Amino acid sequence: MIENVCLGQYIPGSSILHRLDPRIKILSFVIFMIISFMSGNIFSMSILILSVAVIILLSGVPLKVYFQSTKYILFLIFLSCVFNVFYDYGEAVFKFWVLTVTLESIKNSVIIILRVTSLMFVSSSVMFTTSHSNISFAIETFMKPLSIFKINAQDIATMITISLKFVPIIFEETNKIINAQRSRGADLDNKNIIKKVKSYIPIIFPLFFLSFKRASDLAVAMESRCYNNIIKRTSIREFKISILDISCLIYIIVILIGVVYCEYLMI
Amino acid sequence: MENFILFNNVSFSSINEYDDTKTEILKDINLSVGHGEFISVVGKNGCGKSTLSKHFNAVLVPTGGDILIDGINTKCEEKIFEIRQKIGLVLQNPDNQIISGVVEDDVAFGLENLGINRYTMRENVDKALKSVGMYEYKNSPTYTLSGGQKQRVAIAGVLAMNPECIVLDEPTSMLDPSGRKEVLDTIVNLNKKFGTTIVLITHDMEELSLSGRVLIMDEGSIVSEKTPEELFCNSHLLNRYGLLPPSSIKLLYNLENEGYKVKLKSPDTEICTKEILSLLEEVKCRR
Numbered sequence: 031m032i033e034n035v036c037l038g039q040y041i042p043g044s045s046i047l048h049r050l051d052p053r054i055k056i057l058s059f060v061i062f063m064i065i066s067f068m069s070g071n072i073f074s075m076s077i078l079i080l081s082v083a084v085i086i087l088l089s090g091v092p093l094k095v096y097f098q099s100t101k102y103i104l105f106l107i108f109l110s111c112v113f114n115v116f117y118d119y120g121e122a123v124f125k126f127w128v129l130t131v132t133l134e135s136i137k138n139s140v141i142i143i144l145r146v147t148s149l150m151f152v153s154s155s156v157m158f159t160t161s162h163s164n165i166s167f168a169i170e171t172f173m174k175p176l177s178i179f180k181i182n183a184q185d186i187a188t189m190i191t192i193s194l195k196f197v198p199i200i201f202e203e204t205n206k207i208i209n210a211q212r213s214r215g216a217d218l219d220n221k222n223i224i225k226k227v228k229s230y231i232p233i234i235f236p237l238f239f240l241s242f243k244r245a246s247d248l249a250v251a252m253e254s255r256c257y258n259n260i261i262k263r264t265s266i267r268e269f270k271i272s273i274l275d276i277s278c279l280i281y282i283i284v285i286l287i288g289v290v291y292c293e294y295l296m297i
Numbered sequence: 010m011e012n013f014i015l016f017n018n019v020s021f022s023s024i025n026e027y028d029d030t031k032t033e034i035l036k037d038i039n040l041s042v043g044h045g046e047f048i049s050v051v052g053k054n055g056c057g058k059s060t061l062s063k064h065f066n067a068v069l070v071p072t073g074g075d076i077l078i079d080g081i082n083t084k085c086e087e088k089i090f091e092i093r094q095k096i097g098l099v100l101q102n103p104d105n106q107i108i109s110g111v112v113e114d115d116v117a118f119g120l121e122n123l124g125i126n127r128y129t130m131r132e133n134v135d136k137a138l139k140s141v142g143m144y145e146y147k148n149s150p151t152y153t154l155s156g157g158q159k160q161r162v163a164i165a166g167v168l169a170m171n172p173e174c175i176v177l178d179e180p181t182s183m184l185d186p187s188g189r190k191e192v193l194d195t196i197v198n199l200n201k202k203f204g205t206t207i208v209l210i211t212h213d214m215e216e217l218s219l220s221g222r223v224l225i226m227d228e229g230s231i232v233s234e235k236t237p238e239e240l241f242c243n244s245h246l247l248n249r250y251g252l253l254p255p256s257s258i259k260l261l262y263n264l265e266n267e268g269y270k271v272k273l274k275s276p277d278t279e280i281c282t283k284e285i286l287s288l289l290e291e292v293k294c295r296r
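Those protein sequence lines, which keep their order, are chains A and B.
Here the first sequence stands for residues 31 to 297, numbered as in the numbering used here.
Here the second sequence stands for residues 10 to 296, numbered as in the numbering used here.
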C-alpha cells in the first residue's frame, strides 16, 4: 500500500501526530514555515534539522515514504541549487572556464536545500497524518473570519477536500492514458524536447475530458446526497484541544525562540 | 400495493444551447413502484436509462408530466431534501461518487449536509457500514480499496441517510467478477432483509433475474414490462431489443433450435441445469 502513496495522501495510524488536532497542526506548520525561512546560520540550522527529525519520528511514518513521495520535487530543488552554486559573487574558491564557485554560493545553496527539504518533510508529515476532512475542518475554522467578505469558508473547504481526494485518482488515470497511447505507438520517449512536449498533447486532452466528466458525475453524486448551502453542516468528528495539542504548540514556540535567539541575539 | 414511486406521463427533453434544437430523451413514461419492490431497467446504450435514474431523486426534473415520491412532487423545491433522503442514487463509477478520502467521512457526508447531530450520525454511519460489510474498513483511506469495496462504500453513503429506495445506475459495470458479486449480494440483502426498494439499471441479464419485474426501455420510452421468466422465454422480445440471455438459457434455446423439446426456461441456473439433464436422459434413452 505504501508504495502507491503519492504526494499528500493520508496514511492511517495512531501516532502522536495522528492524534493532534488538525487546527493545531496547520497553525504549527505556519509557524514552522517562518522558522525555516528565518534560520540561516549553523546553530539555527541544526535546531531546524533536529526539530524536523523529531517531527518525522513522531509521525510514525517511515523516512523512506517521505523521500518517495517528495522525490520529484526534491530533485527539482536540488537541480536549482546546483545552478545556484555557480552564481558568481563573493570570494572565489574554485574556477573552471566561465564557472566560478564561491564559498558564499555553496553556503547559500546548502541553506536553501535544507530549508526547502525540511519544509517539504514537515508539510508531508501534516498531510500523512491528517485525513482530508480534518484538513478541511481546520481550513474552515481559519477561514471563518473571511465570511465578512462574503466568502463561504465551507465551500472552499469542501473544494480542497475534493481536490486532495482526486490527486491519486487523476494520477492513476494519467498512467492509464499514457499506457494506452504507448500501445497505439505514441513516441513518448523522444529526446527532442519539442517532439516530447507535442507527444504529450494526446495525453492531456483525454485527461481533461475525463476530468470534466468526473466532475459532472461528482456533482450529481453530491447533489443526490443533499449537498447544499442552506443547512449548516455538522461534522462526524469531534475536535477538542488536549494537553497533547498544547504541548505541540509549546514545542514549536520553543523552537521559534531558539532560532530567533541564534539568528539575532547571539554575537 | 400502494404506489411509493409514481411517474405520470413523464417526458424530458434537453435543449441544445448552441442551435436551440430540442432532443427528447424521455417520452411519456408511466411507472409505479411499490414499497419493497425490486425492479430492473434494461435497454441499449443511449436509450435514456441514466436520465431516467436522475429523475427519481429530483436531480433532474421532468419537462412534462409529474413524478410523485411518496406523494411529494419532485418539482416541489422546498421538499427536495426530503425526497433525496428517501431515494438514494448510486452511480456507475465508484471513484466519482466518493467525496471524502476516508471511508467513514464519506459515509457521513450526506448526514453532515443535513446538519444531523454527531451521535445520531455515528449510529447511522456504523449501521450503514455494517450492513454492507465494510465496518472493519471505516478508517481506511478510500484509495486503498478495491472497486467492489468502493462501490459498497458508495452504497453505505446512501444507506446512512435511511432511504426507503435505492436507485443504482449500472453499479457493477466497472467491477471485476468478485467485486460484482459483492455488490449484488449487498443489494439483494438490503432488499430481502431491510425491505429497501431497489431500482437497478443494468446491462447484465444475470442481474435481471434477481429482480421481480423488468422494464425494457427503447428510445426514451418503456416498451415492455415483464417478469424475468417471461422475458427469457420470449425470444422475440430478446432479439428485438438486442438482449442476450444468460448462457444457461442460451443453451436451451440452441437445443430447441436443434429440435429438442424444451419444456421450460428459467433465469434460475439450477432449474436450467435440471432441464438440460432431463434432455440428456431423453437422448440416452433414445439411443
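Backbone N, C-alpha and C define an ideal beta-carbon position, used for all residues, glycine too.
This one's a predicted model, so the numbers in the text were calculated from it and none came from an experiment.
State the Cα-Cα distance for the pair R131 (chain B) and S140 (chain B), rounded to the nearest angstrom. 14 Å
Give the straight-line distance between the Cα atoms of N200 (chain B) and K31 (chain B), rounded to the nearest whole angstrom. 38 Å
Proximal residues to N248 (chain B) (C-beta, below 7 Å), its chain only, five neighbours per side dropped: none
Strictly under 8 Å for the Cβ-Cβ distance: is I175 (chain B) near chain A by that measure? no
Per-residue burial, D51 (chain A) [other beta carbons within 10 Å of its own, 16 or more giving buried]: buried
What number of angstroms, rounded off, separates the C-alpha of I103 (chain A) from the C-alpha of G70 (chain A)? 22 Å
Name the chain A residues that come within less than 7 Å of Y128 (chain B), Cβ to Cβ? None at all; the shortest Cβ gap to chain A is about 10 Å.
Taking 8 Å as the CB-CB limit, is N258 (chain A) close to chain B? yes
Contact the segment 51 to 60 of chain A vs the segment 154 to 171 of chain A: 3+ CB pairs below 8 Å: yes
So, Q160 (chain B) versus V134 (chain B), is the Cβ gap smaller than 8 Å? no
Going straight from the alpha carbon of G204 (chain B) to that of R214 (chain A), what length do you get? 49 Å
Establish whether the CB of K63 (chain B) and some CB of chain A are separated by less than 8 Å. yes
Within chain B, the residues that I56 (chain A) reaches when beta carbons sit closer than 8 Å: Within 8 Å Cβ-Cβ: nothing; I56 (chain A) doesn't reach chain B, min ~16 Å.
Which partner residues of E203 (chain A) appear in the DSSP bridge assignment? Looking at the DSSP assignment, E203 (chain A) forms no beta bridge with any residue, so it has no partner.
Using a Cβ cut-off of 8 Å (strictly closer), state whether D247 (chain A) contacts chain B. yes
Backbone secondary structure at I261 (chain A) - three-state DSSP: coil
G97 (chain B): contacting residues in chain A (beta-carbon distance under 9 Å): S254, R255
CB-CB length for V99 (chain B) against V167 (chain B), believed under 8 Å: 6 Å
Determine whether the beta carbon atoms of N126 (chain B) and T204 (chain A) lie at a separation below 8 Å. no
Along the chain, where does the alpha helix (DSSP H) that runs through R222 (chain B) open and close? Here R222 (chain B) belongs to no alpha helix (DSSP H); instead the beta strand (DSSP E) covers 222 to 227.
Rounded to a whole number of angstroms, what is the C-alpha to C-alpha distance between E265 (chain B) and K293 (chain B)? 17 Å
DSSP beta-bridge partners for I81 (chain B)? B:I78
Length of the line joining the Cα atoms of K221 (chain A) and D185 (chain A): 44 Å
At least one CB of chain B closer than 8 Å to the CB of T191 (chain A): is that the case? yes
Check whether chain B comes within 8 Å of A251 (chain A), counting only Cβ atoms and requiring the distance to be less than that. yes
Would I142 (chain A) and N182 (chain A) qualify as a contact pair, given that the criterion is a beta-carbon distance under 8 Å? no
Can you give the Cα-Cα distance for E173 (chain B) and E268 (chain A), rounded to whole angstroms? 29 Å
Below 8 Å, can you find three or more Cβ-Cβ pairs linking the segment 168 to 181 of chain A to the segment 93 to 100 of chain A? no
Figure out for me which residue from A:R145, A:I223, A:G90 has the closest Cα to the Cα of C111 (chain A). A:R145
Assess, as a yes-or-no matter, whether the segment 38 to 52 of chain B is touched by the segment 205 to 219 of chain B under the definition of 3 or more beta carbon pairs within less than 8 Å. yes
Counted within 10 angstroms of its Cβ, other Cβ atoms place I285 (chain A) as buried (16 or more) or exposed: buried
I'd like to know if L289 (chain B) contacts chain A, where contact means its C-beta is closer than 8 Å to some C-beta of that chain. no
Where Y291 (chain A) and F196 (chain A) are concerned, what is the direct C-alpha to C-alpha distance, given to the nearest angstrom? 43 Å
Nearest residue (CA-CA) to M189 (chain A), options A:L248, A:L240, A:F67, A:K137: A:L248
Out of B:N54, B:P71, B:K202, B:A67, state which residue places its alpha-carbon closest to the alpha-carbon of D37 (chain B). B:P71
Between which two residues does the beta strand (DSSP E) holding N18 (chain B) run? 14 to 24
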